[in-house]
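Enquirer:
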Amino acid sequence: HEVEWGEFDPYKCLWAFRGAEAVREGEKGHYIAGRDDFKPSPYTPFYKKPANTFTHGEAICGGRGCIRACMVNMEKCGILENKFKTPFRTEKPWLVDWSDYDPEDPRAR
Numbered sequence: 654h655e656v657e658w659g660e661f662d663p664y665k666c667l668w669a670f671r672g673a674e675a676v677r678e679g680e681k682g683h684y685i686a687g688r689d690d691f692k693p694s695p696y697t698p699f700y701k702k703p704a705n706t707f708t709h710g711e712a713i714c715g716g717r718g719c720i721r722a723c724m725v726n727m728e729k730c731g732i733l734e735n736k737f738k739t740p741f742r743t744e745k746p747w748l749v750d751w752s753d754y755d756p757e758d759p760r761a762r
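Start counting at 1 in the sequence shown, then tack on 653, and there's your number in the working numbering.
1) Identify every residue that forms a DSSP beta bridge with P693.
2) Could you compute how far the alpha carbon of T697 sits from the alpha carbon of G672?
3) Between the region 751 to 759 and the region 688 to 697, can you find at least three pairs of beta-carbon atoms closer than 8 angstroms?
4) Between K701 and H683, how many whole angstroms is the CB-CB distance? I'm expecting something under 8 angstroms.
5) Using the Cβ count rule (16 or more neighbours within 10 Å means buried), how would you classify I720?
6) Measure the alpha-carbon distance for I713 versus F670 and round it to whole angstroms.
7) What does the alpha-carbon distance come out to for the pair G679 and G687?
8) On the DSSP letters alone, give me the boundaries of the alpha helix (DSSP H) that A722 sits inside.
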């Protein structure tokens, strides 16, 4: 099999994996300890990045993005050997509305 990779920014993946979203110019965020350039993304329910467990396990999404998107795509392509009784994803993926995010909120500190 031939594997083909698209262009991607590994640092954007690194921060997104942890639930961070870069702030816009003029904004501040406190999602990542010691930094003010990230706020919570719509994919995290946390005001700030949870502490690491056992020096790894930084994903906050529970497979929400990578694993589930892959499973949905493989299911649509009909390449899964084991079939689900119902479609793998039946509802729209959830997001968190952070439009009222305030980096000065005590929960963000």
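We put the CB at the ideal spot given by N, CA and C, even for glycine.
Expert: Per the coordinate set shown:
1) Looking up residue 693 in the sequence shown gives position 40. Under DSSP, P693 takes part in a beta bridge, and its partners are A673.
2) Taking the sequence shown and counting its residues from 1, one reaches residue 697 at position 44. Taking the sequence shown and counting its residues from 1, one reaches residue 672 at position 19. Roughly 5 angstroms separates the two Cα atoms.
3) They touch, by the three-pair rule.
4) Counted from its first residue, the sequence shown places residue 701 at position 48. Counted from its first residue, the sequence shown places residue 683 at position 30. About 6 angstroms separates the beta carbons of K701 and H683, which is inside the 8 angstroms limit, making them a contact pair.
5) The residue given as residue 720 occupies position 67 in the sequence shown. Around the Cβ of I720, a 10 Å sphere holds fewer than 16 other Cβ atoms; the residue is exposed.
6) For the purposes of this step, residue 713 is identified with residue 60 of the sequence shown, where counting begins at 1. For the purposes of this step, residue 670 is identified with residue 17 of the sequence shown, where counting begins at 1. Distance between the alpha carbons of I713 and F670 is about 7 angstroms.
7) Stepping through the sequence shown from its first residue, residue 679 is reached at position 26. Stepping through the sequence shown from its first residue, residue 687 is reached at position 34. Distance from the CA of G679 to the CA of G687, rounded to the nearest whole angstrom, comes to 18 angstroms.
8) Along the sequence shown, one-based indexing puts residue 722 at 69. Taken as a continuous stretch (DSSP letters only), the alpha helix (DSSP H) holding A722 covers C719 to C730.
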